[in-house]
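Numbering (full-length UniProt numbering), first residue to last: 1 to 699.
C-beta: ideal position from N, C-alpha, C; glycine also.
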């Protein structure tokens, strides 16, 4: 009888060829559609008459007729369901085999056993992990660009852009798709998903399922979202610096991890997709519309002081929202929609009964083909809605609504992702939208509005309307408000916006056409969270300004530290400074609204370490922070992580008075070669958003 006495998965040869050598796992990890070799040892020499079959099975009960059991016989059945096997060479009792999985094989864990006649041999670590393959032309996720594959599949660090449209900054993020237990966590998600095994061939089905499983809303998935401002029963969304600890905790406990907000969902979904072999990137849209009626309009209500009234609005505009693009062919759609597809794990709206979103072809969003699956209407509205501003006045104890202005260009701006191969922001707005005001944009808008009902122009506040002051207008594509006086407003800050300093803001009112103009200006300053929720009113101004022809006047708006520091210390979110203004020209009844969001500025964290280090040779990395602010920072926490260098570590630093310096050190032991990144983040009661990163080359 012929028996198998041993098997060698030849990891040190197969894994580098399959770009899987970075995975921290004992098993063989291969990409579909590419050959890998296995060495078998037998009890005697292999004869021509011997029966030999390698059986790869997936799922609980693998069966040939279901396509979940591949029985590969190098002599009788060298090709089975698109899988191939051949004998490379025989010498004595050893036999070297080459196996190629189908480029459309189901992705997941396969168990391997070897059958020789009546004997079956099941090796240790017999599970072979099969992933999507962007290097393989026959795979639906094929990406024909080596630099892009390095970035979107193999890069395990990166950054996510946040802030506001005109003060964008990056938050470093460790994706860590190769770290211990991360691949197993992704396999667990595949097994937990409602996908039938056959659907695991298809990146469209897999990415849609993962967008649902990364949030915990209907399926006890990875992350529980929380925007309440109270995170005491979990980890604040701002305290994460990467996906690794989230996925490891989830895999260990099988319970949702607390808490996430949009950039955390997007960071984790990037990790999951890259880990499974699908090219993925984080995409940040500034001024992202959350339009609950899918009517391409967001209504913003301002009171007579110019303050936003949140409680009235159905819709919201988030300062930024982060989702993902994944790269694949769309064989389920008409030609022309391959390439980047938007998916979103942040639970906002249900789609087909679950909190999932996408994949929506980015080209369909740009062209206005919003009927194409999945959820293209929702993504289109996020980047294309119009804003209508309403003034709410109390008249005889009732709210009356007056339309102030319409803005058609403020939503979906500066769409950003990390550039390929460098630590820079790449603006990808043109992939999602035609240039504002172009003929193509007009055609795209027309096409989209045949599938999305634009509403008539009446206010839709959060309660039933008995008496509305504006009649129901015909549905119309909204026009940007143009003024007869050439009225313009600019909002600037005269000094850096450091917490603890006065906020020195200025509102400049300009007119540009001949005539004498009397402008009544109201302006207000609020602190708000990134989802646009007001956290505190800081102050307001009311002025009457006289201007002649082409002229301008600057009105200062100064906020003392005492007006905002208490809020800054009590909220657990990073807050932004939001200024809203309404200007009205009395002679022409022209009205104009302008909103600007700015972020606070912070002193830096300095990371000190050598530029290069050697594999397995320890070195020290120091983190230095000087509190240059005029206020103490209470309850300081420094979180640091270096993939391939040291595990995530938290230093509790206590309180840091103004002028004081803190220094923390960590010993790094490099376990992998190449460029590695160290990420640091500092949070305190007063300040949430200080982060830094630095690279080191390991040789």
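Inter-residue spacing [alpha-carbon to alpha-carbon] between residue i and residue j
i           : j           : result
residue 701 : residue 135 : Past the edges of the chain, shown from 1 to 699, lies residue 701, and the structure says nothing about it.
residue 76  : residue 97  : 14 Å
residue 349 : residue 661 : 46 Å
residue 130 : residue 120 : 22 Å
residue 325 : residue 338 : 12 Å
residue 374 : residue 506 : 44 Å
residue 80  : residue 99  : 11 Å
residue 312 : residue 533 : 12 Å
residue 39  : residue 159 : 42 Å
residue 550 : residue 441 : 32 Å
residue 531 : residue 320 : 7 Å
residue 691 : residue 280 : 23 Å
residue 494 : residue 536 : 22 Å
residue 700 : residue 110 : Residue 700 falls outside the range modelled here, since the chain spans only 1 to 699, and no answer is possible.
residue 542 : residue 520 : 8 Å
residue 251 : residue 561 : 44 Å
residue 151 : residue 511 : 48 Å
residue 614 : residue 697 : 8 Å
residue 554 : residue 581 : 13 Å
residue 191 : residue 272 : 14 Å
residue 677 : residue 244 : 14 Å
residue 247 : residue 222 : 7 Å
residue 687 : residue 558 : 21 Å
residue 291 : residue 599 : 24 Å
residue 556 : residue 637 : 36 Å
residue 485 : residue 515 : 8 Å
residue 397 : residue 404 : 21 Å
residue 654 : residue 631 : 14 Å
residue 217 : residue 358 : 16 Å
residue 682 : residue 675 : 24 Å
residue 435 : residue 170 : 25 Å
Distance between beta carbons of residue j and residue i, contact taken as under 8 Å
i           : j           : result
residue 627 : residue 657 : 7 Å
residue 287 : residue 317 : 6 Å
residue 517 : residue 587 : 6 Å
residue 78  : residue 32  : Not a contact, Cβ separation roughly 18 Å.
residue 388 : residue 310 : No, residue 388 and residue 310 are not in contact; Cβ-Cβ is about 16 Å, not under 8 Å.
residue 439 : residue 340 : Actually they do not touch by this definition, with Cβ atoms about 24 Å apart.
Buried or exposed by the 16-neighbour rule on C-beta atoms within 10 Å, applied to residue i
i           : result
residue 612 : exposed
residue 142 : buried
residue 88  : exposed
residue 354 : buried
residue 695 : exposed
residue 9   : buried
residue 483 : buried
residue 164 : buried
residue 402 : exposed
residue 178 : buried
residue 399 : buried
residue 499 : buried
residue 196 : exposed
residue 445 : buried
residue 133 : buried
residue 443 : exposed
Test: residue i CB closer than 9 Å to a CB of chain B
i           : result
residue 452 : Of the protein chains in the structure, only one exists, and it is not chain B.
Residue i CB to nearest heavy atom of the ligand ZN below 8 Å
i           : result
residue 243 : In the structure shown, the ligand ZN is absent, as is every other ligand, since no ligand is present at all.
Self-check item: Within the region 546-633, ranges of the beta strand (DSSP E) (whole runs, at least 3 residues)
Solution: 551-559, 576-585, 590-598, 605-608 and 619-626
Exercise. Could you tell me which uninterrupted alpha helix (DSSP H) segments, each at least 4 residues in length, are contained entirely in the region 365-390, listed from first to last along the chain?
Key: 376-384
Exercise. Take every Cβ of the region 591-600, pair it with every Cβ of the region 640-649, and state whether three or more of those distances are shorter than 8 Å.
Key: no
Quiz item: Is the number of C-beta pairs between the region 298-315 and the region 385-404 that are closer than 8 Å three or more?
Solution: yes
Quiz item: Which runs of the beta strand (DSSP E), 3 residues or longer, sit entirely within the region 219-269?
Solution: 223-225 and 257-260
Quiz item: Is there contact between the region 144-155 and the region 233-240, where contact requires at least three CB pairs shorter than 8 Å?
Solution: no
Self-check item: Sufficient close CB pairs (3 or more, under 8 Å) joining the region 398-415 to the region 268-286
Solution: yes
Quiz item: What beta strand (DSSP E) runs, 3 residues minimum, are completely inside the region 491-538?
Solution: 503-511 and 516-528
Quiz item: For the region 90-129, which segments carrying the beta strand (DSSP E) assignment without a break, of at least 3 residues, lie completely within its bounds, in sequence order?
Solution: 94-100, 108-116 and 119-121
Practice problem: Count the C-beta pairs between the region 246-261 and the region 222-232 that are closer than 8 Å, then say yes if the count reaches three, no if not. | Solution: yes
Exercise. Answer yes if the region 58-68 comes into contact with the region 14-30, meaning at least three C-beta pairs across the two stretches below 8 Å, and no otherwise.
Key: no
Practice problem: Tell me, please, whether the region 615-623 touches the region 662-676 by the rule of three or more beta-carbon pairs shorter than 8 Å. | Solution: yes
Self-check item: Stretch-stretch touch, CB-based, cutoff 8 Å, three pairs: the region 327-345 with the region 182-196
Solution: no
Self-check item: Segments of 3+ residues assigned as beta strand (DSSP E) that fall wholly inside the region 25-83
Solution: 28-31, 35-42, 53-58 and 69-72
Quiz item: Could you give the uninterrupted runs of the beta strand (DSSP E) lying entirely in the region 632-670, keeping only those of 3 residues or more?
Solution: 633-642, 646-656 and 661-668
Quiz item: Unbroken beta strand (DSSP E) runs of length 3 or more, entirely within the region 130-180: which are they?
Solution: 157-164 and 167-174
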